[in-house]
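Notes follow once the structure below has been shown.
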Amino acid sequence: MIIRNYLLREIGRPLATMLVVCMALFAGYSAADFLSDAVNGLLSTNTIVELIVLKLLISLEVLVPVALYLSIVLALGTLYGNSEITALHALRVTPTMLLRHVMVLAGCVAIGVGLLSLVVRPWAYERLHALSRSAELTLDVDAMQPGTFYVVQNGARVIFLTRRQGPNGPARDIFVQLRRPTDIRIIHAELGYPVAEEDNGRTDLYVRLKNAHIYDIGTKPGAHDQVLTVREITQDPNRHVVETPDYSSVTAGSLRIATSHKPADVAEFQWRLSTPLTTMLLAMLAVPLARGRPRQNRYGKLGTAILIFFVYYLLYTSARTWVQHGMVAPVPGIWWAPALLAALTGFMLRSQIAELLSRRDNAA
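Those letters in the sequence shown? Residues 3 to 366, per the working numbering, in order.
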């Protein structure tokens, strides 16, 4: 019990540190993607924070296994370098017992990773897609700045302000381009300001344009162009009628895609099932990779461990992509990549496996 707690503590310290660092780096990288949209008023601060948290939740199914994998390599490498493993051997702590203690920790982590993949992942993706759709349809009128082209709704609406006094003040020389099924409408207004309107208990922001010139340019054969001059017109910078989202495998529940035969659903479901297995295999592989001589640098095997992980992750994600596009059949699906990792792990642990088989034969 004392030895097990000591090993778990030695592994837990670098695991917590590495996981926090990886999460911070990933969150910073994700925040950089949304920074320009925040500056231009396309995304609010609360939306950006929620998007980052959702992407971080999705990434945990990869960050947690790799953090555990590298933490075991570092922790056991330190124990080998300080000759503590030699002392544990003198206390009859065999490599098989060491592996068993690591597998207990890896099993608990694998259960958490499985819950992340099967339950949290589809929920986070569904919420992420909903926020992304909302961001495409919504423009923060109060935060719009002059000199910036605001492209929303996939280019269906473009807004440009020439001058504006303050974030909430009126704007002058406003240009709006609207792409419609039969024509393109271009509006130039001398003055514009946001107005709020109540609709079924919900407050929507619109833009009131004054002294506007409207140019309707036909895009269909035989269409006629029109020029209108109006004293006042109200425009909706957002689309308040939300369309039904398209089906996506990553947002579908695990029970729903479990019985599906679509390649995208098969690839997604196999990915969710394989992440706990990957966690266990990486943790087991880390034990033989960490072996070293006394007074050896504890980072000596870290480079090899990182290289093995990158090669495996490349094969792992490629396998999912091939199944998703129908290039590989559901059987073997993506399972050949974890099978290669299992074969490598079994080869590295051949002495422990032989010891377990010998004990079984002796017991029989």
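Each residue gets a CB set at the ideal place from its N, CA and C atoms; glycine is no exception.
The continuous beta strand (DSSP E) containing residue 230 extends over residues 228-237.
Collapsing the DSSP output to three states places residue 165 in a strand. Secondary structure of residue 249 (DSSP, three-state): coil. If you compare the alpha carbons of 184, 340, 267 and 350 with that of residue 328, the shortest gap goes to 267. In the three-state reduction of the DSSP assignment, residue 176 falls in the strand class. Note on the stretch 256-285: whole alpha helix (DSSP H) runs with a minimum of 4 residues are 256-260, in chain order.
Listed in chain order, the non-local C-beta contacts of residue 62 below 7 Å within the same chain comprise 118, local neighbours out to five positions each way being set aside. In the three-state reduction of the DSSP assignment, residue 212 falls in the strand class, which pools E and B. Around the CB of residue 27, fewer than 16 other CB atoms lie within 10 Å, so the residue is classed as exposed. Distances from the CA of residue 107 to each of 229, 285, 318 and 274 were compared; the closest alpha carbon is that of 285. Residue 198 sits in a strand when the DSSP states are folded into three classes. DSSP, reduced to helix, strand and coil, places residue 129 within a helical segment of the structure shown. Taking a 10 Å sphere around the C-beta of residue 318, we find 16 or more other C-beta atoms and assign the residue as buried. Only buried fits residue 13, as 16 or more other CB atoms lie within 10 angstroms of its CB.
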